[in-house]
Structures are given as structure tokens and as C-alpha cells.
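Asks: Quick one: the structure is below, questions incoming.
2 protein chains.
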Amino acid sequence: MSTEPTRRGRKAAKTSPAASAAPAPAAAPVAPSRPPAAIADRAGMRQVADRAGVAMSSVSRVLSGHPDVSAAMRSRVMAAVEELGYEPNMLAQMLRKGATQTIGFVVGDISNPLLAQIALGAEVALRAAGYAMLLTNSVNQPNLDATHIRLLQQRRVDGLLLSLSDETNDQTIEALSATPTPSVLIDRDLRTRTEESAVLSDHAAGITQAVEHLVGLGHRRIALIAGSPHVRPTRERINALEEAVEAHPEVHAQVRPGAFTEVHGGAATRELLDGRRPPTAIIAGGNQILVGVLGELAARQVRIPDDISLVTCDDVPLAKFFTPTLATIGRDPYEMGAEAAALLLARFGGAEPGVITLPTSFTGGRSCAAPPRTAPPAQGERP
Amino acid sequence: MSTEPTRRGRKAAKTSPAASAAPAPAAAPVAPSRPPAAIADRAGMRQVADRAGVAMSSVSRVLSGHPDVSAAMRSRVMAAVEELGYEPNMLAQMLRKGATQTIGFVVGDISNPLLAQIALGAEVALRAAGYAMLLTNSVNQPNLDATHIRLLQQRRVDGLLLSLSDETNDQTIEALSATPTPSVLIDRDLRTRTEESAVLSDHAAGITQAVEHLVGLGHRRIALIAGSPHVRPTRERINALEEAVEAHPEVHAQVRPGAFTEVHGGAATRELLDGRRPPTAIIAGGNQILVGVLGELAARQVRIPDDISLVTCDDVPLAKFFTPTLATIGRDPYEMGAEAAALLLARFGGAEPGVITLPTSFTGGRSCAAPPRTAPPAQGERP
DNA sequence: CACTGTACTGGAACGGATTCCAGTACGAGA
DNA sequence: TCTCGTACTGGAATCCGTTCCAGTACAGTG
């Protein structure tokens, strides 16, 4: 807190208060905001038509590239358009055409770098196709998902990109059922529905590779601290871990789903280390969770990888300079966004809902090593 | 690349192909999409009026809470609304009222965590006030700023939040001048204009504190690797550094503006370390730059803080577990977003453009220590 | 009882474009 | 020369609410 927030008004732009004769055409006497529309009296298609001495329908045809237009007509209209600096009112077009060229993105929290990159990939691809993106953050409150779906629906978006906070929420399912627009799920799976397209990550592959790596190093007790059990990535990771250890009967797996938060990461770590069979390797299921895990490990002075090995999910840029370098199960979120956009655009083009699965891959790092000879000291027991 | 991307269609939802008698009311013979509008023939206000046996204007009054409505009228209308599941078409409302309840956010790159948090803060505040947020990424191409301002203008947004890629771009200034809607600059300063509100960070305070700290530790050669010279944060930081060292004639400051990229961070570090008077402390002006700096330092096996001290700007969550802990000039991006939203809402309420400055603060860390007795070896000279 | 005011309601214009339909004009073929 | 087709154009309906204006009915007052 170095500096107090400062509020100060700027001097108004106008220099002369109110005296100078306004060149505005016949301003209404005192009416403050009588005609609510026509903010800056921009020219409409009507004015263009009058100016060119043609019908509005002809102006519309010229502007929309209709074939039945003579060269003479085209040039007259274009001249009038130039002179008046006419720009069509998209609102009117939307109303008439019933399409807004807008899609809604429902996301838990855009400040999550993973989701931000997905949003970027999607926005760039959609904009290239002439669509704009409306963003809503559910701040990980499941009922807000439904609220936002309805809200975007009222705004008549043409499609929806959904990174839901909770796949099992009834309100969400209901809101989705009531939605006539095509939607794409982003790493989510609504088992009860098939109307939605989806972009998925192959979490199983990454987890399997990580487990094999850890087992190869000699680990026999592996824990996964996962996020919310109500979303696909968590389920997939848990399933994958359990399947992977089935192939190694000597390996014991523990799973701690909860939430994608630092708090859960810390709490689960504490629980695991204080437990009867503390793991020799932890897989952290997300950025925030990782922060919590690291915090708890640091507090206990548990060394990585000497005392415990660590793998994390979903890369963050700084991770590569972390000491020791973090073994990571990564994926390409930008591409996920781009693919989600492509899937949506395909639906606009008449395609059926589709599902696409993108790879994940495990990258080793110094944070993984052979487990210590003796289990790490289960210090920090409650008194 | 563990897994190939997989594309597979889902089975269509409908089980019976086309035989079953559609319960749809009097479907047009074969017409694929004749009436473009009325996607799902939802009831309009007209239908509600007919059903209730009243005029549309009365329905409108009831729904908009107009005072001149009898209780009888209200209940009749509400009943009809319920029965038909009527929802007003926001598009028509927007067109008529000339307000879209939508604001546009022009941002360089939403995947930058700083900007993502700003976006989150802004979106939450705006949504609470009934506004939706349209997001565009300029991917740090200055001309796209202008393009997007115009694009959002065409969509008739009520206001603009601007994190411009380049304050000096003529097209951007021009686009802004042609814009009738209120705008808020986010840590940007358009010296030629006073029409915009702005949320600023007090970068000077943070830099000054950092410099004092470094000088106190004994540093005499301090470098700032900054981002694009065309945005306010860079200018402010450079100015602050130069002013801060003026108070200490024995201190030599070097400045390397460039871009907010990892590449620039690395290149500038190389340049500085290979220079005649390599710095004993570096201030990295942003996340990406930091990554480049760290990369170069690691490549040269320059130790932090033994060989060189390091300060970074703009916190990232993982930074606190970085070894050594990073000294940071931080600020609260979420609040910046929230304040930007507040400033915009204030303008909608009739207020004049305003400027608010939020604090930054320096937090020390293990990455800063006394400079080495001898200047760090200027190894790595080009052959 | 007549008059004025109040409380409410209906009708219609409006916002700004799209698109169907009907028409005009002109060239070509019979 | 008449007819038909083609190429183009204008008019009007439409999308769906909002809001101004005029009007009705009834209560209150002189």
C-alpha cells in the first residue's frame, strides 16, 4: 500500500461553457433526451436512398451484393453512401435476419490462464469468421452457469461455448435443453445429452504416461489431488489413474478430488502426508491446486524430489524455471479454443454435432525422482 | 504428442429418421429455411397481447413496470406471459431504445494473466449492472485496435474498455475520435485526448521503492528491461527509474524498452550482460519479459541473487514458490477492472470523464541481495 | 346536472434494415 | 408488330418492442 487511490475529475473538454452558437441543426429547445435513439443523428439507409433518389430496397441490394443490380445503380448508391458516411445499423440487421453473429462464452473464471488461452484461441477464430464473443464468468458458482446461458439466450447469441463449472447441475441441464442454439462443450461431458459438440482433452494418456514414469522410478504410493468432481477432467484423471495402477498391483493409488483451488491443494496435501500411507508422489490436478501443494510442502520443508515427487497438470509459462523443473502433463489450450470455434462454425454450416479429442502429453522434469528409501517422515502430526 | 486428435461424429439425436408425423403445426411443405426469423416460433409480444385480449402497448407497460397499469390488467397480462412462456426479444428492445446494454473490451491478449484478471473484475462489475461484455483480442497488432473499436461501434456498444496495444497509433486515435460512446482507458494515456476516463497504476511508486531497496543493498548499476515504449506503463517506469537515480548520482541506470515478450526479455538481458557496464540488478517489466530474462540468466548460469539481483513487475501466482523468491512490484488487476467498470457506469449515469490512479507496491524477496564484489563475469562474448 | 380531472387503455408511428412480390422497360424471337 | 422473357426497380410487409398521443370511463366537485 504505497499510494492512496486518487480520484480526480478531468477538466471538461469543451472550453466555452454554453455561449457559442451551436451549429447543430435546429436543436430542440430544452429537451434533455427526448428522442432516445439516433444518438448522433447518423444517416440511415433511408437517407442514403433519398440522396441517391432510389428505393431503400435498392440500397439494400447494392450493399448486400445482390446480383440483380445495374452498374449505374451501384455507383449512384455507393456515391451516396460515401457522401453520407453511411454505416449500416447491425442491430436492425440482427433483428431482421434473426442472427446476431455473436456467440457466448460461459466460463468459470477467465483469470485462469488455461481458460484465458482457450478464450483467445476461440475468439480469434470466431472473429475471423465474422462473429463476436460475449464473455461471462460464473466465478465457479454452478447456478450462474444456468443464469448465463439464459442471459446469452435472451441476447439471441447464435451459439454457445461452454466451460461449465458443474456438469451435473440440474438448472444448467434444463437451461441447455431450453436452448435452441448450437453449443460446444469445452472439456465437459454431459452424459445425458448428445445435442452438443465437444472439444475434449485426452487426459487418460497424460496420466498414464505420468504413472508409468513414476512407477518406473520406483514409486508405489501415488496420489492425485484433483479438482471438482463435477467436471470431466477430474473424472477422467481419476479413472485413468485407477486403470493405470491396475496394471501394477504393487502400486497403491489415492485420490483426493475437491476443487480447483489453492486451499484444496494445501488441505489435501496435508491430509495425505498425515495419513497412514503417505504417498511418495503427488499429481496436482491444476495450477491453483499446485500452488496449494507447493505451499504445504514448503511449510513442512518436504523436499522435491528428495522426499516426494511431483507432477502437475496444465502448463504455466513460469513453470520451466521452477526449481526443480516440474514434470507436467500438458496440452494446447489455444488449439482447444480454436477447435471449439471450428466445431461451432461447422454447426452453423449445417453439420451435425461433433466431438474432437485433443492429446495431452507428459513431460518429465527434475521434480520426479526415485522415492526415498524410508517413507518421508510423517512429521507435523497434530498434537 | 501422445495421441492423435480424433474426429468422430456423434449419432444424431433423433432416432426415427423422418417418418414419424411431426407434431409441428402445419409445417411448410419442403421449404428448408424460408422464413429466416422466428427460429423456434417463440411467442412475441403480439401473441401475448392477443391472448390476454389487450393491446401490445399495455403488455409493454406491464412488463416495463409502468405506473399507469391497473391490477386487473397486470394479472391478465402476466397470466398470458406465463402461459406462452414469453420472453422479450432484446434485439428489438435494443433497436428501439438505442442502447444495447453491452460494452466492448479491446485487449491486446486475454491470455496475459494481468489482463485476464482485469477482464474478470470488469465483467463481474458490469454484469451486476446489467451489461454484457464483448471481448476482442488485438493480439498486440496496433492496427487491430482501431479495427476492433470500429467493429464494436458497428455493434452499437454503449461503452468501451480499452487496453490498447499502442497509444500513438493514428488509426486508433482516429477511430476513437469518431466514437460517440464513452470509453475508459486501462493503464493508457492518450495525451491528445481528454474525452476518455482512465484507470491508471502508479508505477512510479513501485519503481521508486524498488530502486531505493536496491540502492540500499549497494547496487550502483540498475537496468530496466521494459515492454513496448508505446504504452503508459513502460513510459512511467522508465521515467520513474530515471528520476529515482537522479537522487543518487553514484547510480547508473540503463533502460531497454522493446516489447512485452519473452524474446525481448532474453535479448535485452544478453545485451546488458555483454555490455560495457553490465548491471548488478535487473528490473523485468512484465511476466513475459521475466521469462526471457530468467531463460538467459539460466543459460549463462548467472546466479540469482549472488551474481545479479532481480525484480519483476506484476505478480503471478506461482512466483511465490520460485527459488529464490522474487521481489515484485505488484498491483491489483481485479480492482483495476472493477474500477474501470465503475468509471464507465458513472459516465452512463451522466458523470464527466474521470481518472483514477491505483497504487502499486514493492515486495522484497530473496532475489535481491548485495551486489557481488566484482562485477559478474561478462562471459558469453560473441566469438 | 354539467364539468373537469384522473386513471387507464388502445392505436399507431417508430427504430433501421431485409426481402418478397409486383411491376416497368427493353430486347429478342415469332 | 405483337408477345414473351429478362433484367432491374419500387413498394410494402416484416422483424419486435417502445412510447407518444388521443381517447374513454368514471369519480369528484360546483
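First to last, the protein sequences are chains U and S. Heads up: the first sequence at position 245 corresponds to 245 in this note's numbering, and the numbers run straight through without jumps. Heads up: the second sequence at position 26 corresponds to 26 in this note's numbering, and the numbers run straight through without jumps. The beta carbon of each residue, even a glycine, is placed where N, CA and C say it ideally should be. On a predicted model such as this, the values are computed, not experimentally measured, just so you know.
#1: Reducing DSSP to helix, strand and coil, say where S/Arg237 ends up.
#2: Rounding to the nearest angstrom, what Cα-Cα distance links S/Glu236 and S/Thr102 in this structure?
#3: Could you please tell me which residues of the stretch 54-66 of chain U, in chain order, have their CB closer than 7 Å to any CB of chain S?
#4: Taking contact to mean at least 3 C-beta pairs separated by less than 8 Å, is the stretch 128-142 of chain U in contact with the stretch 74-90 of chain U?
#5: Just mark U/Ser177 as buried or exposed, buried being the case when its beta carbon has 16 or more other beta carbons within 10 Å.
#6: Once you ignore the five residues that flank U/Ala281 on each side, which residues in its own chain have a CB closer than 6 Å to its CB?
#7: According to DSSP, is U/Ala31 helix, strand or coil?
#8: Give me the Cβ distance between S/Val59 and S/Ala198, rounded to the nearest whole Å; I'm assuming they're in contact under 8 Å.
#9: If I measure Cβ to Cβ from U/Thr168 and keep anything under 7 Å in the same chain, skipping five residues before and after, which residues do I get?
#10: Output the residue ranges of the beta strand (DSSP E) runs that lie fully inside the stretch 54-111 of chain U and measure 3 residues or longer, sorted by chain position.
#11: S/Leu135 CB to nearest chain U CB: under 7 Å?
#12: Indicate whether at least one CB of chain S lies closer than 7 Å to the CB of U/Pro317.
#13: Is it buried or exposed for U/Thr384, if we count other Cβ within 10 angstroms and need 16 for buried?
#14: Strictly under 7 Å for the Cβ-Cβ distance: is S/Gln171 near chain U by that measure?
#15: Between S/Thr323 and S/Ser201, how many whole angstroms is the CB-CB distance? I'm expecting something under 8 Å.
#16: Tell me, please, whether the stretch 295-302 of chain S touches the stretch 268-281 of chain U by the rule of three or more beta-carbon pairs shorter than 8 Å.
#17: Check the Cβ of U/Gln117 against every Cβ in chain S and list those closer than 8 Å, keeping chain order.
#18: What residues from the stretch 145-173 of chain S come within 7 Å of chain U, judged by C-beta to C-beta, listed N to C?
#19: Between the stretch 92-111 of chain S and chain U, which residues of the former have a C-beta closer than 9 Å to a C-beta of the latter?
#20: How close, in whole Å, do the beta carbons of U/Val77 and U/Ala52 come, if the pair is a contact with beta carbons under 8 Å?
#21: Say whether the stretch 243-258 of chain U touches the stretch 98-113 of chain U, bearing in mind that this needs 3 or more beta-carbon pairs closer than 8 Å, one atom from each stretch.
#22: Is S/Val251 close to chain U, meaning its C-beta is less than 7 Å from at least one C-beta of that chain?
#23: When the cut-off is 7 Å and only beta carbons count, does U/Leu120 lie next to chain S?
#24: Can you have a look at S/Gly121 and say buried or exposed, based on whether 16 or more other CB atoms are within 10 angstroms of its CB?
#25: Which residue or residues does DSSP assign as beta-bridge partners of U/Gln47?
#26: Exposed or buried, S/Pro249, counting other C-beta atoms within 10 Å across all chains shown (16 or more means buried)?
#27: For S/Leu387, collect the residues of the same chain with a Cβ closer than 6 Å to its Cβ; drop the 5 residues on either side in sequence, then sort them by chain order.
#28: Using Cβ-Cβ distances below 9 Å, what residues of the stretch 281-295 of chain S are close to chain U?
#29: Please report how far the alpha carbon of U/Gly227 lies from the alpha carbon of U/Ser165, in whole angstroms.
#30: For U/Ile186, I'd like the list of residues in its chain whose CB is within less than 7 Å of its CB, leaving aside the five on either flank, ordered along the chain.
#31: So which residues on chain S does U/Val139 lean against when the C-beta distance must stay under 9 Å?
#32: List the residues of chain U that S/Met90 touches, going by C-beta distances under 7 Å, in chain order.
#33: Residues in its own chain within less than 7 Å of U/Ala22 by CB, not counting five upstream and five downstream?
#34: Note down, in chain order, every chain S residue with its Cβ under 7 Å from the Cβ of U/Glu87.
#35: Please work out which residues of its chain come closer than 6 Å, Cβ to Cβ, to S/Arg347, disregarding the five sequence neighbours upstream and downstream, and give them in chain order.
#36: Going by the CB atoms, is the gap between S/Ala204 and S/Ala240 shorter than 7 Å?
Replies: Short version:
#1: helix
#2: Taking the straight line from one Cα to the other gives about 32 Å.
#3: none
#4: no
#5: exposed
#6: Leu214, His219, Ile222, Ser309
#7: Per-residue confidence for U/Ala31 stands at a pLDDT of 28, beneath the threshold of 50, marking its modelled position as unreliable; the derived number appears in the next sentence. It is coil, neither helix nor strand.
#8: Incorrect: roughly 43 Å between the Cβ atoms, too far for contact.
#9: His230
#10: 102-107
#11: yes
#12: Output row for U/Pro317: interface = yes.
#13: Nothing in the structure corresponds to residue 384 of chain U, since chain U is present only between 1 and 383.
#14: no
#15: So it is not a contact: roughly 28 Å between Cβ atoms.
#16: no
#17: Ser111
#18: Gln154, Arg155, Arg156
#19: Listed by position, the residues of the stretch 92-111 of chain S near chain U (Cβ gap below 9 Å) are Ala92, Met94, Leu95, Arg96, Lys97, Gly98, Ala99, Thr100, Gln101, Thr102, Gly104, Phe105, Asp109, Ile110, Ser111.
#20: 5 Å
#21: no
#22: no
#23: yes
#24: buried
#25: For U/Gln47, which the question treats as bridged, DSSP gives no partner whatsoever.
#26: Its Cβ having fewer than 16 others within 10 Å, S/Pro249 is exposed.
#27: For residue 387 of chain S there is no data in the structure shown, the boundaries of chain S being 1 and 383.
#28: Asn287, Gln288, Leu290, Val291, Leu294, Gly295
#29: 11 Å
#30: The residues are Ile118, Leu161, Leu162, Ser163, Val199, Met336, Ala340.
#31: Leu120, Val124
#32: Gln154, Arg155, Arg156
#33: The predicted position of U/Ala22 is uncertain, since its pLDDT is 31 and thus under 50; no value can be drawn from it.
#34: Neighbours of U/Glu87 on chain S, chain order: Gln154.
#35: Pro182
#36: yes
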